[in-house]
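Just remember that the working numbering sits 43 ahead of the position in the sequence shown, which is counted from 1.
Glycine is no exception: its CB is placed at the ideal position from the N, C-alpha and C atoms.
Note that the coordinates shown come from a computational prediction; the quantities given were computed from them, not determined experimentally.
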Amino acid sequence: MSSTSIGREGEKIAGELLRSKGFEIIETNFHFGHGEIDIIARDGEYLVFCEVKARRGERFGDPVLAITPAKQRQLRKIAEGYLYRHNLFGTPCRFDVVTVRWNRDRPECRHIPNAFTFFDDAT
44 MSSTSIGREG EKIAGELLRS KGFEIIETNF HFGHGEIDII ARDGEYLVFC
94 EVKARRGERF GDPVLAITPA KQRQLRKIAE GYLYRHNLFG TPCRFDVVTV
144 RWNRDRPECR HIPNAFTFFD DAT
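In structure tokens, the structure reads:
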């Protein structure tokens, strides 16, 4: 399986996981500027910007490690673009991460709500 197909399959699995938790998927693969947000969803009153990281095996470590401070800054800018484009400023928002790792052709998922915020100072 190519890295692109692993990513797309991971996004599909992440969407199913979020739906099973009661999220309403609003949009997938939202592009703004030079980046994209994998999943935008509603969870109650929250607008959730969700980054999906998928890996096959252990070679590159925990997928969540790919959400670097630079990646977080990029995701914040894309989210701001989404809020601007849809006139949603003031809407409660959060950033979630879903990791998908295949072990012996079976995906293992982990959902991390509030993985980072718009206002994290460390980034």
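When the alpha-carbon of residue 79 is set against those of 96, 160, 66, the nearest one is in 96. Exclusion of the five residues before and after residue 53 leaves 95, 97, 143 as the residues of its chain whose Cβ lies within less than 6 Å of its Cβ. Counting the other Cβ atoms within 10 Å of the Cβ of residue 105 gives fewer than 16, which makes it exposed.
Per the Cβ contact rule, the stretch 119 to 127 is in contact with the stretch 66 to 80 (3 or more Cβ pairs under 8 Å).
Residue state for residue 108 is assigned as helix, using DSSP reduced to three classes. Residue range 78 to 86 is occupied by the beta strand (DSSP E) that includes residue 79. Leaving aside the five residues that flank residue 70 on each side, the residues in its chain whose CB is nearer than 6 Å to its CB run, in chain order, 83.
Here the alpha carbons of residue 123 and residue 131 stand approximately 9 Å from one another.
Distance between residue 81 and residue 146, taken at the CA atoms: about 22 Å. Here DSSP, grouped into helix, strand and coil, assigns residue 60 to helix.
Shown here for residue 67: same chain residues with a beta carbon closer than 7 Å to its own, the five before and five after excluded, namely 84, 85 in chain order. When rounded, the separation of the alpha-carbon atoms in residue 150 and residue 134 is 33 Å. Per DSSP, the unbroken beta strand (DSSP E) holding residue 157 starts and ends at 149 to 159.
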